[in-house]
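S.K.: Input: one structure, supplied below.
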Amino acid sequence: MAKSVSTEFYNKMTLSSVLPLAALLAAFFFTQPVSATNIKLASWNMEWLGSGNKPQRGELDYQKLREYALKLDADIVALQEVSSISSLRLVFGQDYRFELSERNHDQKTGFAIRNGIEYRRMPDYAELDWRGNQMLRYGTDISIASNKSGALRILNVHLKSGCFSNSHSNKSCKTLKPQVAQLANWMLLRDRNKEAFIVIGDFNRRLKEKNDYVMSALKAALPSLHSVGHNNASGCLVKKGEGVKAYRSFIDHILVNEAILPNVDEESFIHHAFAKNDVIERELTDHCPIRVTLKNQ
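Residue numbers (our numbering): 20 to 316.
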């Protein structure tokens, strides 16, 4: 059973009102289940794609990103740090439709959705920008048809950077805490409406570390919340100066509620790493994509 956010640093946050209209819309658009199929769902931070900021990418860089997108072979990709749909077409081609948040900034969240997958674009979850000044990234929200629950909500997030673990205590942590409370609000609204949901993206937080207080706060609000996959990110190499560096644990995550968990193929979780020479020679991204399969969607 869902609980209120009860951790000490969130006790001043209040839950938003439940909107029955959201449930009515989901029922209206997805009254008939689609034929059972598997959907490969991924997350990929594209590192300022198409923004004109560093890294500066040329034709060969986009060609290599395109090769990795083909290898990823995902049906839905939650994207972070994207400036334009035109830049996404250089990576994913014409086989996908694209959605980007309405935030007026070069770092947008969004989705690449393979042609043929029915979905409905929901309003951005702008509450993650809790100051209301567009300095924090919005969540992008879509709903897809699901045999399990009628509709599956997928929220793509990119939370504040700089507060990666319990060992950090800084301004970034003070900014992150209200974002996490707002995220808990979104989850609780879905749960109260009996909606299956997935929250995916760049949390900028090592949620799988023991006793992580952000994950503890989310699970205090929704005890059935589950984090998909393992925590060994060591295979991911990214550029550092003239060389490369490897991550030790994930800050990109896939969180699911109880309603969709039986459809998540845990064994399918994959961390798509880049070849070392490609990292050195090309301008790829500073995150490696992660992917999981949803069964019988």
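Heads up, the beta-carbon is just placed ideally off N, CA and C, and yes, glycines get one too.
Could you spell out where the beta strand (DSSP E) holding K127 opens and where it closes?
M.R.: Indexing the sequence shown from 1 puts residue 127 at position 108. 127 to 133 is the span of the beta strand (DSSP E), which, as asked, contains K127.
S.K.: Under the rule that 16 or more other beta-carbon atoms within 10 Å means buried, what is H187, buried or exposed?
M.R.: If you number the sequence shown from 1, residue 187 lands on position 168. Exposed is the call here.
S.K.: The beta strand (DSSP E) that contains D164, what's its start and end?
M.R.: On the sequence shown, residue 164 is found 145 positions in, with the first residue counted as 1. Contrary to the premise, residue 164 reads as Ala rather than Asp in this sequence. First-last of the beta strand (DSSP E) with A164: 158 to 165.
S.K.: Based on Cα-Cα distance, which residue from S162, H177, R85, T56 lies nearest to R156?
M.R.: Taking the sequence shown and counting its residues from 1, one reaches residue 156 at position 137. It is H177.
S.K.: Hey, would you say Y144 sits closer than 8 Å to I161, going by beta carbons?
M.R.: As a working note, residue 144 is residue 125 in the sequence shown. As a working note, residue 161 is residue 142 in the sequence shown. Contact flag unset, no.
S.K.: Indicate the three-state DSSP secondary structure (helix, strand or coil) for I136 in the structure shown.
M.R.: By one-based count along the sequence shown, residue 136 stands at place 117. Coil at I136, not helix or strand.
S.K.: Tell me where the alpha helix (DSSP H) around R211 begins and ends.
M.R.: For the purposes of this step, residue 211 is identified with residue 192 of the sequence shown, where counting begins at 1. Element bounds for R211: 190 to 211.
S.K.: CB-CB under 6 Å to I309, same chain, minus the five flanking residues each way: which ones, in chain order?
M.R.: Here residue 309 corresponds to residue number 290 of the sequence shown, with the count starting at 1. Correct list, in chain order: S62, D271, H290.
S.K.: Check whether the region 114 to 133 touches the region 86 to 106, taking contact to mean three or more Cβ pairs, one atom from each stretch, closer than 8 Å.
M.R.: The answer is yes - the region 86 to 106 touches the region 114 to 133, with three or more Cβ pairs under 8 Å.
S.K.: Let's see if you can read the secondary structure: which residues bound the alpha helix (DSSP H) around R224?
M.R.: By one-based count along the sequence shown, residue 224 stands at place 205. Neither: R224 is in no alpha helix (DSSP H) and is coded neither H nor E.
S.K.: Start and end of the beta strand (DSSP E) containing S287?
M.R.: In the sequence shown, the residue the question calls residue 287 occupies position 268. That run of the beta strand (DSSP E) goes 283 to 290.
S.K.: If L207 sits next to L256, beta carbons under 8 Å apart, how far is it from one beta carbon to the other, in whole angstroms?
M.R.: Residue mapping note: residue 207 aligns to position 188 of the sequence shown, counting from 1. Residue mapping note: residue 256 aligns to position 237 of the sequence shown, counting from 1. Rounded, the Cβ-Cβ distance is 38 Å, inconsistent with contact.
S.K.: Enumerate in chain order the residues of its own chain whose CB-to-CB distance from G254 is below 8 Å, with the five nearest sequence positions on each side excluded.
M.R.: Along the sequence shown, read from residue 1 onward, the residue named residue 254 stands at position 235. So the qualifying residues of the chain are A265, H290, A292, C307.
S.K.: Using DSSP with H/G/I as helix, E/B as strand and the rest coil, what is R76?
M.R.: For the purposes of this step, residue 76 is taken as residue 57 along the sequence shown, with counting starting at 1. Correct three-state label for R76: coil.
S.K.: How far does the beta strand (DSSP E) with L280 in it extend, from its first residue to its last?
M.R.: Counted from its first residue, the sequence shown places residue 280 at position 261. L280 -> no beta strand (DSSP E), and no H or E assigned at all.
S.K.: Judging by CA-CA distance, which residue of L84, E228, G262 is the nearest neighbour of N251?
M.R.: Against the sequence shown, residue 251 aligns to sequence position 232. N251 has its Cα closest to that of E228, out of L84, E228, G262.
S.K.: Taking Cβ to Cβ, would you say G248 is nearer than 8 Å to I273?
M.R.: In the sequence shown, residue 248 corresponds to position 229, counting from 1. In the sequence shown, residue 273 corresponds to position 254, counting from 1. The answer is yes: Cβ separation under 8 Å.
S.K.: Residues in the same chain with beta-carbon distance under 6 Å from D221, minus the five sequence neighbours each way, listed in chain order, please.
M.R.: Position 202 of the sequence shown, counting from 1, holds the residue named residue 221. If we look at D221 and ignore the five residues flanking it on each side, its Cβ neighbours are N64, Q99, H177, D271.
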